[in-house]
Amino acid sequence: SQQGEEDPQALSIQEGENATMNCSYKTSINNLQWYRQNSGRGLVHLILIRSNEREKHSGRLRVTLDTSKKSSSLLITASRAADTASYFCATDARNSNYQLIWGAGTKLIIKP
Amino acid sequence: SQTIHQWPATLVQPVGSPLSLECTVEGTSNPNLYWYRQAAGRGLQLLFYSVGIGQISSEVPQNLSASRPQDRQFILSSKKLLLSDSGFYLCAWSVGALRDTEAFFGQGTRLTVV
């Protein structure tokens, strides 16, 4: 079943602007992960944030986690054309150590 | 460094034909291995995972099977493909449980059953 739900489904912005994507989930989690997928390619792990963390940074990426609202956001600052991709959030599953519950993704388009 | 190889990149197969997709991981020992399927515009659905040689767990009953004949080799198979088996198949690995760590993905195989 789908737990993570990304919002918006699609986002188109100008190069240089910031892009914010959101993810909501339904049950308690140990961690939440963000992945990027270029069209027709495999997924690339971006950031893993644990349930006891509130914010994490990696280069131009900033991820926040609000466990009280069961939501997370991914901010990409100073976007580049190469950031054009689909972005997925995934949470660990309560009843399995080996299952990630995936959202349907946000398709991000950066216009040059 | 660790790498994951998945092949072929694209595959067109007739209905009723067999399938074999292979995935190998380099640079790590005893990885957890996963097969996912991704429908167009959707998230990933876990098909199988393996925590060791010969150990396969199936998450979704279907026309597919998986095997792990060697520590770093994971194979997805079918004896007779159905049209509904078309999709994008992704192999992945992790060190430890996904409850605690991230997954690393191959480049995927686009399977079209005609």
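Going down the list, the sequences are from chains A and B.
The first sequence begins at 1 in the working numbering and counts up by one.
The second sequence begins at 1 in the working numbering and counts up by one.
We put the CB at the ideal spot given by N, CA and C, even for glycine.
Would residue i count as contacting chain B if we go by Cβ distances under 8 Å?
| i | result |
| --- | --- |
| glutamine 14 of chain A | no |
| histidine 45 of chain A | yes |
| glycine 105 of chain A | yes |
| leucine 48 of chain A | yes |
With a cut-off of 8 Å, does the C-beta of residue i fall near any C-beta of chain A?
| i | result |
| --- | --- |
| asparagine 32 of chain B | yes |
| alanine 103 of chain B | yes |
| arginine 37 of chain B | no |
| arginine 72 of chain B | no |
In chain E, which residues lie with their C-beta within 9 Å of the C-beta of residue i?
| i | result |
| --- | --- |
| glycine 106 of chain B | You won't find chain E in this structure, because its protein chains are A and B. |
Counting along the chain, where does the beta strand (DSSP E) carrying residue i start and finish?
| i | result |
| --- | --- |
| valine 63 of chain A | 61 to 66 |
| aspartate 100 of chain B | Unbroken run through aspartate 100 of chain B: none, as it is neither H nor E. |
| lysine 56 of chain A | 55 to 58 |
| isoleucine 101 of chain A | 96 to 102 |
| leucine 108 of chain A | 106 to 111 |
| aspartate 7 of chain A | 5 to 7 |
With the cut-off set at 8 Å, would you say residue i and residue j are in Cβ contact?
| i | j | result |
| --- | --- | --- |
| glycine 43 of chain B | glycine 40 of chain A | no |
| arginine 88 of chain B | alanine 66 of chain B | One detail in the question is off: residue 88 of chain B reads as phenylalanine in this sequence, not arginine. No, the Cβ-Cβ distance between phenylalanine 88 of chain B and alanine 66 of chain B is not below 8 Å. |
| threonine 112 of chain B | serine 86 of chain B | yes |
| leucine 98 of chain B | tyrosine 87 of chain A | no |
| alanine 103 of chain B | leucine 100 of chain A | yes |
Expressed to the nearest angstrom, what Euclidean distance is found between the alpha-carbon atoms of residue i and residue j?
| i | j | result |
| --- | --- | --- |
| glutamine 62 of chain B | leucine 19 of chain B | 14 Å |
| glutamine 2 of chain A | valine 51 of chain B | Model confidence at glutamine 2 of chain A stands at a pLDDT of 42, short of 50, so the residue's coordinates are unreliable; what they give is reported in the following sentence. Cα-Cα distance, rounded: 23 Å. |
| cysteine 23 of chain B | isoleucine 56 of chain B | 15 Å |
Query raised in the report: Is the segment 73 to 80 of chain A in contact with the segment 25 to 44 of chain B, if contact means three or more CB pairs nearer than 8 Å?
Result: Segments in contact, no.
**Report entry** Stretch-stretch touch, CB-based, cutoff 8 Å, three pairs: the segment 91 to 100 of chain A with the segment 66 to 75 of chain B
**Finding:** Taking 8 Å as the limit for Cβ pairs, the verdict is that the segment 66 to 75 of chain B does not touch the segment 91 to 100 of chain A.
Report task. Taking 8 Å as the threshold, find out whether the segment 22 to 32 of chain A comes into contact with the segment 4 to 12 of chain A through three or more Cβ pairs. Result -> Touching, yes.
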